[in-house]
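Report on one structure; see the data block that follows.
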Amino acid sequence: MLRRTLLLGLCRGPLGRGLGTHRGGSILDRDGKMSEIKKKIQSILPGGDWNPLYDTSYLPPESSDVVIVGGGVLGLSVAYWLKKLEKPRGAIRVLVVERDHTYSRASTVLSVGGIRQQFSVPENVQLSLFSIDFLRNINEYLAVADDPPLDIQFNPSGYLLLASEKGAAIMENNVKVQRQEGAKVCLMSPEQLRNKFPWINTEGVALASYGMEHEGWFDPWCLLQGLRRKVQSMGVLFCRGEVTRFVSSSNLMKTASGEEVNVKRIHEVHVKIDQSLEYQPVECAIVINAAGAWSGQVAELAGIGKGPPGTLQGTKLPVELRKRYVYLWHCPQGPGLETPFVIDPSGTYFRREGLGHNYLGGCSPTEEEEPDPGNLEVDHDFFQDRVWPPLAQRVPAFETLKVRSAWAGYYDYNTFDQNGVPLLLGREGPGAQHHLSLPEQT
Amino acid sequence: MAAPKASLHLVAPVWNGGTRGIGGLSRVVAPEGNQKKGRSLLQFLADCFYDVEALRDHLLRKQVSKVHQKNRFQGREWIRPNQRGHFSLDFLKLQAVPVEAVDASGCAINYQGLDSLLALKELQSLWLQRCPHVDDWCLSRLHPLASSLQELSLAGCPRVSERGLACLHHLWNLRRLDISDLPAVSSPGLTRILVEEMLPSCEVLGADWAQGLKLGPEEQPRDTAGPTPA
Chain A
1 MLRRTLLLGL
11 CRGPLGRGLG
21 THRGGSILDR
31 DGKMSEIKKK
41 IQSILPGGDW
51 NPLYDTSYLP
61 PESSDVVIVG
71 GGVLGLSVAY
81 WLKKLEKPRG
91 AIRVLVVERD
101 HTYSRASTVL
111 SVGGIRQQFS
121 VPENVQLSLF
131 SIDFLRNINE
141 YLAVADDPPL
151 DIQFNPSGYL
161 LLASEKGAAI
171 MENNVKVQRQ
181 EGAKVCLMSP
191 EQLRNKFPWI
201 NTEGVALASY
211 GMEHEGWFDP
221 WCLLQGLRRK
231 VQSMGVLFCR
241 GEVTRFVSSS
251 NLMKTASGEE
261 VNVKRIHEVH
271 VKIDQSLEYQ
281 PVECAIVINA
291 AGAWSGQVAE
301 LAGIGKGPPG
311 TLQGTKLPVE
321 LRKRYVYLWH
331 CPQGPGLETP
341 FVIDPSGTYF
351 RREGLGHNYL
361 GGCSPTEEEE
371 PDPGNLEVDH
381 DFFQDRVWPP
391 LAQRVPAFET
401 LKVRSAWAGY
411 YDYNTFDQNG
421 VPLLLGREGP
431 GAQHHLSLPE
441 QT
Chain B
1 MAAPKASLHL
11 VAPVWNGGTR
21 GIGGLSRVVA
31 PEGNQKKGRS
41 LLQFLADCFY
51 DVEALRDHLL
61 RKQVSKVHQK
71 NRFQGREWIR
81 PNQRGHFSLD
91 FLKLQAVPVE
101 AVDASGCAIN
111 YQGLDSLLAL
121 KELQSLWLQR
131 CPHVDDWCLS
141 RLHPLASSLQ
151 ELSLAGCPRV
161 SERGLACLHH
171 LWNLRRLDIS
181 DLPAVSSPGL
191 TRILVEEMLP
201 SCEVLGADWA
211 QGLKLGPEEQ
221 PRDTAGPTPA
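Line by line, the protein sequences give chains A and B.
Going by UniProt numbering, the first sequence opens with residue 1, and the numbers climb by one from there.
Going by UniProt numbering, the second sequence opens with residue 1, and the numbers climb by one from there.
This is the structure we're talking about:
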């Protein structure tokens, strides 16, 4: 026996590593086999997902404590804070279901990436202040060992909101509220505006509010990737699929006043796998609807809105898909490096993009002009008719410009609703900036 | 988690965050070198055990909080230096004198640390050369000094980019600005031109305008030492 092993060892030379030689394999093979065996044992144990007949690794787990529908910045934020705040490590199993892993239609990546504190509601200001704090310390929050730090390319250039005579009083009021919450905003008269930004035509502007700090724009794709990476490292499960059905159970219960109500509770989610008819029922305790512009559709699946109109059950979730266009243009004589994110009283907005005198901007269409949200095709006539004239009027240099490219994205109108399914939805415009703080505050 | 490595590289544990001190954190900015050096024992263990991973996270966070500690003055006035005992107590007699110039070159000052500087309402000259933690966020905080600040130097700060330079627009009294040698700025020549346009009454020291421009074929420098001209 000893002689044989010695011979084998000598023959094999540098490949032989002692103990493993009698089986004819080197340590490489043995480690690989050991990990396979360990994986199998782990999956057989209770709580693991093991199917002895065929490989099911592409399916989501059979049960999960929390299922988050939608993997954009909002859904990932929820997953992040759930994992961050859970007390025993690994106590909550979180599953994020996202049907488009390229995020080609997600509002997060198609957004212009702005962040501001200039809102009228104090809660929005607080959320935004928290978000900017998060973004500033993003590498402390989302640090993953061995991975490079994130650079969200934040431009601290601030927002400049212009108000006409009609809106001046409201703007003053808003600025008071914002300052109370801690935002650094200053009010400017038309003359001060002309001094600071000589390229603005202040005709029709009665008052302007300018954010001095904590406002600007950043790269939302980088934020998304950072969140995804961190959240994966914290143990959140991802699934590429679509939620097609909620299965709920109802209990007849009595309220405090003795009234009998039917309490519905979702206990199972059917996740359909991409490009296949296969679906996996996932048992869950909580479902979080973070589907952004499609939240309304997801809510309908849960039965919100299916009932006699005028009642609570019959009230649909007021979130709709709305299409918005963003245009990128080049104007060599345009405003310089100091250009903030300018929002005109007419609703047109623009901001600087890069160092080459390129600008991004657009305008919210009125109710009658709402484009069909069925696809993400861009309407270039919209720029000619609705965006360019106010722009050229406000910034005379924009009379000569050349549109380089354009894209369309979805916005979601929304409110906060609680009906057995906690809902966290974005807001039109501010988008990504609030999605970081909403889950934390909840 | 990856499959366990075939052979254990028992090298001396190279802590990912770099050595202690200021140099360590700035290395976090360019970590490509770490990956090329091979995996250390600590990294290998972190792959296998959650606890080691948590330990690494904790150590990384401690590194960062060290910088935060250095910037907190715990309610003391600015005249007291943050490194204890390095200045004489004569400073206490000068409490009524306004500070006109601050040289914080090479200091570990960061976003929170600027709190002390912003209280100096008569500051005329601020030097932040080679400060490793001064970045675009810090520059956006400088606007309260707009009425007095005349000279600002950011030469050699590794984290300042053209996005932060855009908010120097608030400093309308600025007469001298040094933005040379900023590695994070993508086009130094163009940035200098744009900053000069943004601050017309300010003298900007920076990269050469032609830096980064590619020479055309007729402008290629002729090699006089070669046998035939280009």
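No residue lacks a Cβ here, since even glycine has one placed at the ideal position from N, Cα and C.
Remember, it's a predicted structure, so these values are computed and weren't measured experimentally.
- With contact defined as three or more Cβ pairs closer than 8 Å, the region 351–361 of chain A and the region 293–309 of chain A are not in contact.
- Residue environment analysis places B/S147 among the exposed positions, since fewer than 16 neighbouring C-beta atoms fall within 10 angstroms of its C-beta.
- Contact between the region 70–88 of chain A and the region 144–156 of chain A is absent: fewer than 3 CB-CB pairs across the two stretches fall below 8 Å.
- Closest in alpha carbon position to A/G70, among A/V78, A/S64 and A/S63, is A/V78.
- The straight-line gap separating the alpha-carbon atoms of B/S201 and A/G211 is approximately 24 Å.
- Taking 7 Å as the upper bound on Cβ-Cβ separation, chain B lies near residues E140, A143, A145, D146, P148, P149, Q153, F154, N155, P156 and S157 of the region 138–166 of chain A.
- Contact between the region 199–219 of chain A and the region 180–191 of chain A is present, with at least three C-beta pairs closer than 8 Å.
- Closest in C-alpha terms to A/S57, from the list A/P198, A/K39 and A/S346, comes A/K39.
- When rounded, the separation of the alpha-carbon atoms in B/I109 and A/N137 is 15 Å.
- The beta carbons of A/F246 and A/V287 sit about 7 Å from each other, so the pair counts as a contact at 8 Å.
- For the region 351–368 of chain A, residues whose beta-carbon sits nearer than 7 Å to a beta-carbon of chain B comprise L355.
- The C-alpha of A/G226 is placed about 10 Å away from the C-alpha of A/P220.
- Taking 8 Å as the upper bound for CB-CB distance, A/P365 and A/L321 are not in contact here, some 14 Å apart.
- Cβ-Cβ separation between A/A145 and B/R61: approximately 11 Å, too far for a contact (criterion under 8 Å).
- In the displayed model, A/A145 falls within coil according to three-state DSSP, outside both helix and strand.
- For A/W407, the uninterrupted beta strand (DSSP E) run begins and ends at K402 to D412, by DSSP.
- For A/A392, the enclosing alpha helix (DSSP H) begins and ends at W388 to R394.
- Of the residues assessed, A/G361 falls on the buried side of the cut-off, its CB having 16 or more other CB atoms within 10 angstroms.
- Counting C-beta pairs with one atom in each stretch, the region 378–398 of chain A and the region 327–341 of chain A have three or more that are closer than 8 Å, which means they touch.
- By the beta-carbon neighbour count (other beta carbons within 10 angstroms, threshold 16), A/Q180 is exposed.
- Taking the Cα of A/V66 as reference, the smallest distance to any Cα among A/L252, A/M253, A/L317 and A/G235 is reached at A/G235.
- For A/C239, the enclosing beta strand (DSSP E) starts and ends at L237 to K254.
- The C-beta distance from B/P188 to B/L194 rounds to 11 Å, too long to meet the 8 Å contact threshold.
- Interface residue (Cβ-Cβ distance to chain B less than 8 Å): A/M212 is classified as such.
- Of the candidates A/T400, A/I41, A/D100 and A/Y411, A/D100 places its Cα closest to the Cα of A/G241.
- For A/N174 and A/P122, the gap between their C-alpha atoms comes out near 9 Å.
- Near chain B, meaning a CB-to-CB distance below 7 Å, the residues of the region 321–345 of chain A are G336, L337 and E338.
- The region 140–206 of chain A contains, as complete beta strand (DSSP E) runs of 3+ residues, the segments 159–163 and 185–188 (chain order).
- Across the set A/V282, A/L207, A/D133 and A/S346, the C-alpha of A/L207 shows the shortest separation from the C-alpha of A/A168.
- Counting the other Cβ atoms within 10 Å of the Cβ of B/A104 gives 16 or more, which makes it buried.
- Cβ neighbours of A/R386 within its own chain (closer than 6 Å, five residues either side excluded): C363.
- Distance from A/A293 to A/S107 at the Cβ level is roughly 6 Å; contact confirmed, criterion being Cβ atoms closer than 8 Å.
- Contact between the region 145–162 of chain B and the region 129–136 of chain B is present: three or more C-beta pairs spanning the two stretches fall below 8 Å.
- The beta-carbon of B/E203 is placed no less than 8 Å from the nearest beta-carbon of chain A.
- A/R93 does not reach chain B, its nearest Cβ partner there being about 15 Å away, counting only Cβ pairs nearer than 8 Å.
- By the CB criterion at 8 Å, B/H169 and A/E338 fall inside the cutoff.
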